[in-house]
Amino acid sequence: MRTILLAVHIARDEATKVAAAFAADLAAHGIGVCVLDTEADALRAAGIDDQGVVVAGPGAAAECELAVVFGGDGTILRAAELCRGTDTPVLGVNLGHVGFLAEADVEDLQHVVQGVVERSYTVEERLTVDVSVMVAGEVVATNWALNEASVEKAARERMLEIVVEIDDRPVSRWGCDGIVCATPTGSTAYNFSAGGPIVWPEVSALLMVPISAHALFARPLVVSPDSTLAIEVVGEQSTGVLWCDGRRAADLPLGARVEVVRGRENVRLARLHPASFADRLVRKFDLPVAGWRGAAERRREDRD
4 MRTILLAVHI
14 ARDEATKVAA
24 AFAADLAAHG
34 IGVCVLDTEA
44 DALRAAGIDD
54 QGVVVAGPGA
64 AAECELAVVF
74 GGDGTILRAA
84 ELCRGTDTPV
94 LGVNLGHVGF
104 LAEADVEDLQ
114 HVVQGVVERS
124 YTVEERLTVD
134 VSVMVAGEVV
144 ATNWALNEAS
154 VEKAARERML
164 EIVVEIDDRP
174 VSRWGCDGIV
184 CATPTGSTAY
194 NFSAGGPIVW
204 PEVSALLMVP
214 ISAHALFARP
224 LVVSPDSTLA
234 IEVVGEQSTG
244 VLWCDGRRAA
254 DLPLGARVEV
264 VRGRENVRLA
274 RLHPASFADR
284 LVRKFDLPVA
294 GWRGAAERRR
304 EDRD
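Residue numbers (my numbering): 4 to 307.
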C-alpha cells in the first residue's frame with residue numbers, strides 16, 4: 004500500500020479536522036497514512052485510521068513516499084527534520100499566516116488530494132546549511148538549518164560583540180543584537196524581518212545579515228554557496244545563543260566560534276502549482292500590481 008506520513012499542528016482543531024478529511028479521501032483511493040507517535044492519540048480522536056505509528060525523529064519518513072503537513076511554516080520545518088536523511092519530499096498545507104514554505108492553502112485540499120493520488124507534484128531541492136560550534140578549538144556542537152542559523156545575544160540588557168569572517172578573512176566587528184546566516188529559502192523568514200534581501204529559491208547563495216548593528220558598515224551580505232561564514236563571540240562579557248530554524252539552540256560562551264557552510268543534504272519540497280516565485284511574493288504579501296501590462300497581459304488583451 005502507498006503510504007503518506009502526516010505531520011499536523013495538533014494544537015489547532017482546524018488542522019486535525021482537515022487532516023482527517025485528507026486521510027479519508029486518500030483511503031478512498033487505496034492510499035494509507037502513518038502518523039507520529041506524538042500525534043497519534045489526537046489524530047485518532049479526530050477520526051484518522053492510520054496504517055502505523057512512527058517515532059517522531061530524524062528519518063521518520065523513510066518508508067513514506069511523501070510527508071504532508073497541516074500547519075504553518077514551523078510545522079513544515081519540523082517535518083523537514085523528520086525527512087532529513089531520506090528522499091521523502093515535504094508538501095505543506097498552510098493553516099498559518101504568510102506560510103512561504105507551504106504549497107497549498109486549506110481551501111485547496113481537493114487539489115492536494117488529486118496531486119497526491121496522481122503523483123502529479125514536482126519536487127524542488129532546497130539548499131540547507133550545516134553549522135558547527137567550536138570552543139577553544141574543539142567542536143562542541145553541530146546542527147543544520149533549512150531557513151537560517153542565527154547567533155543572538157543571550158541577555159537582553161547586553162549587546163553581543165562579534166567578529167564576522169568569510170572564507171578565512173575578517174570582514175567586520177559589530178556590537179549588535181545578533182546576526183542571521185540564511186539560505187535563499189529562508190530569505191522570506193527571519194532574514195526578511197532583519198532587513199535582508201529576498202532571494203529567489205533557485206539561486207545558490209548564502210546570506211549574512213546583522214541585527215540592529217551599531218556600526219556604519221552593517222549591510223546584508225550575499226556570498227557564494229561554497230563560502231564558509233564564521234562568527235566569533237568577542238568582548239569582555241559577551242555571550243550568545245545559536246538558533247537553527249528557531250527550533251534547536253546551543254549556548255555560545257565568550258570566545259565561541261560558529262561556522263556555517265552549505266549543507267551536505269538538501270530538503271525536498273513538493274510542488275503542485277507551476278506559479279513563479281514572483282507570483283508567490285505578490286500573493287503572500289498582497290503586493291500592489293494594478294496597472295501592470297507585461298508581455299503576457301498584452302497578449303491576452305490582443306486575443307480579446
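For glycine and all other residues, C-beta sits at the position ideal for the given N, C-alpha and C.
Contacts around residue i, its chain only, beta-carbon distance under 6 Å, and the 5 residues preceding and following it disregarded
i      : result
Ala26  : Val36 and Ile51
Leu85  : Ala63 and Ala64
Ala157 : Thr242, Gly243 and Val244
Arg265 : Pro228
Glu164 : Gly178, Val237, Gly238 and Ser241
Val142 : Ser135
Thr145 : Ser135
Ala253 : Val136, Ala144 and Leu245
Gly118 : Tyr124 and Leu275
Pairwise C-alpha distance: residue j and residue i
i      : j      : result
Ala298 : Val285 : 18 Å
Ala59  : Val237 : 38 Å
Gly88  : Leu39  : 17 Å
Glu168 : Val174 : 5 Å
Glu127 : Glu155 : 30 Å
Pro291 : Asp44  : 44 Å
Val212 : Arg47  : 44 Å
Leu224 : Ser230 : 12 Å
Trp295 : Val21  : 37 Å
Arg311 : Ile79  : Outside the modelled stretch of the chain, which goes from 4 to 307, sits residue 311, for which no answer is possible.
Arg5   : Leu272 : 19 Å
Ala24  : Ile7   : 14 Å
Ser196 : Asp180 : 13 Å
Ala278 : Gly258 : 46 Å
Ser214 : Phe220 : It is Ile, not Ser, that sits at residue 214 in the sequence shown. So the two alpha carbons sit approximately 12 Å from each other.
Glu53  : Glu268 : The question names Glu, but residue 53 is Asp in the sequence shown. Straight-line Cα distance between these residues: approximately 29 Å.
Pro61  : Ala82  : 9 Å
Asp133 : Ala281 : 28 Å
Gly140 : Arg122 : 48 Å
Asp16  : Val109 : 13 Å
Ser207 : Pro187 : 7 Å
Ala112 : Ala218 : Per the sequence shown, residue 112 should be read as Leu rather than Ala. The straight-line gap from Cα to Cα measures roughly 48 Å.
Glu160 : Ala10  : 38 Å
Val226 : Asp289 : 29 Å
Met162 : Ala293 : 44 Å
Residues near residue i by beta carbon distance below 8 Å, same chain, minus five either side
i      : result
Tyr193 : Asn150, Glu151, Ser153, Val183, Ala185 and Gly249
Val120 : Leu29, His32 and Ile34
Val56  : Cys37, Val38, Leu39, Asp40 and Ala43
Leu255 : Val136, Val154, Ala157, Val236, Thr242, Gly243, Val244, Leu245 and Val261
Ala49  : Thr19, Lys20, Ala22 and Ala23
Val138 : Pro256, Gly258, Ala259 and Arg260
Ile201 : Ser190, Thr191, Phe195 and Leu284
Ala14  : none
Asp90  : Arg271
Element boundaries [alpha helix (DSSP H), containing residue i]
i      : result
Asn194 : Tyr193 to Ser196
Asp133 : It is not in any alpha helix (DSSP H) - Asp133 instead sits in the beta strand (DSSP E) that spans Val132 to Val138.
Ala18  : Asp16 to Ala31
Gly118 : Leu112 to Glu121
Ala43  : Ala43 to Ala48
Phe280 : Phe280 to Phe288
Span of the beta strand (DSSP E) around residue i
i      : result
Ala252 : Arg251 to Leu255
Cys86  : Not the beta strand (DSSP E): Cys86 falls in the alpha helix (DSSP H), residues Asp76 to Cys86.
Cys179 : Arg172 to Cys179
Glu164 : Leu163 to Ile169
Cys67  : Counting along the chain, Cys67 falls outside any beta strand (DSSP E), and DSSP gives it neither H nor E.
Met211 : Leu209 to Ile214
Gly243 : Gly243 to Cys247
Ile34  : Neither: Ile34 is in no beta strand (DSSP E) and is coded neither H nor E.
Trp147 : Glu141 to Ala148
Ser153 : Glu151 to Lys156
Thr188 : Taken as a continuous stretch (DSSP letters only), Thr188 belongs to no beta strand (DSSP E), as it is neither H nor E.
Distance CB(residue i)-CB(residue j) smaller than 8 Å
i      : j      : result
Val270 : Thr131 : yes
Trp177 : Ala216 : yes
Leu98  : Phe73  : yes
Val101 : Lys287 : yes
His114 : Gly75  : no
Arg283 : Tyr124 : no
Pro204 : Arg251 : no
Cys247 : Ala107 : no
Neighbourhood of residue i by C-beta distance below 7 Å, restricted to the same chain and skipping five residues each side
i      : result
Gly199 : Val183, Ala185, Ser190, Leu210, Val212 and Pro223
Val166 : Pro173, Arg176, Glu235 and Val237
Asp170 : Ser230 and Thr231
Proximity test, residue i beta-carbon vs the ligand SAM heavy atom, cut-off 7 Å
i      : result
Glu121 : The ligand SAM is not among the ligands present in this structure, which contains no ligands whatsoever.
Open item on the list: Quick test of the definition: if touching needs 3 or more C-beta pairs under 8 Å, does the region 88 to 99 touch the region 69 to 77?
Closed with: yes
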